[in-house]
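Take the sequence shown: its letter number 138 is residue 1163 in the working numbering, and every next letter is one higher.
All C-beta atoms in this analysis are idealised placements derived from N, C-alpha and C, irrespective of residue type, glycine included.
As structure tokens, the structure follows; a few thoughts come after it.
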Amino acid sequence: MKKFQFSLDSILGYRQQVLESRQNEYAKALAQLREQQARVDDAKERYRRTNQQFREQAANGITAADALGFENGLRALEHEIARETRRLEELRQKAEEKRALVVEAHKDATMLERLKDKQLDAYQKDLQKNDERFIDELISATRAAKSES
């Protein structure tokens, strides 16, 4: 009997390549997401430090110009935080879309892998039946030869 060959092997290979490609895209999206989260965290930390510095100096008495400078700096940081947070949400959405594509590609590849496993199992069972038939015929022929002698 000939060697087992899955008729959809090329399609399975393609689906596995698609899965790998989508996994790589998802990994890149997650890396971008982490970087953006770090930017947001950094902006929030700078805001916290600037605000703390403003409070400390205000408690000791500062000029109106210095207070206005702090206020403008804090407003700029608030806008930066808002902008970076919006970008973070956009990247989260993209990462979620990439994850959904990975799940879909995984399902497609898994479906073909299961089909291949079922066909291989059926092939092996058929091979085993043929072997058993051959052994039965061999035993029958041996018994027939013994009974003739």
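| query | If you draw a straight line from the C-alpha of residue 1204 to the C-alpha of residue 1168, how long is it? | reply | Residue 1204 is absent from the model: the chain starts at 1026 and stops at 1174.
| query | Between residue 1134 and the rest of its own chain, which residues show a CB-CB distance below 8 Å, the 5 nearest in sequence each way excluded? | reply | 1037, 1040, 1041, 1043 and 1044
| message | Tell me the DSSP secondary structure of residue 1033 in three-state form. | response | coil
| Sufficient close CB pairs (3 or more, under 8 Å) joining the segment 1109 to 1118 to the segment 1127 to 1145 | no
| request: Round the Cβ separation of residue 1072 and residue 1123 to the nearest angstrom and send it over; I've been treating them as touching at under 8 Å. | output: That belief does not hold up - the Cβ atoms of residue 1072 and residue 1123 are roughly 31 Å apart, past 8 Å.
| task | Spell out a yes or no on whether the segment 1061 to 1080 and the segment 1154 to 1163 are touching, meaning 3 or more CB-CB pairs, one atom from each, closer than 8 Å. | result | no
| Around the C-beta of residue 1261, are 16 or more other C-beta atoms found within 10 angstroms, so that it is buried, or is it exposed? | In the structure as shown, the chain begins at 1026 and stops at 1174. Residue 1261 is therefore absent and cannot be evaluated.
| task | Look at the alpha carbon of residue 1143 and the alpha carbon of residue 1029, and state the distance between them as a whole number of angstroms. | result | 12 Å
| Within this structure, are the beta carbons of residue 1093 and residue 1079 separated by less than 8 Å? | no
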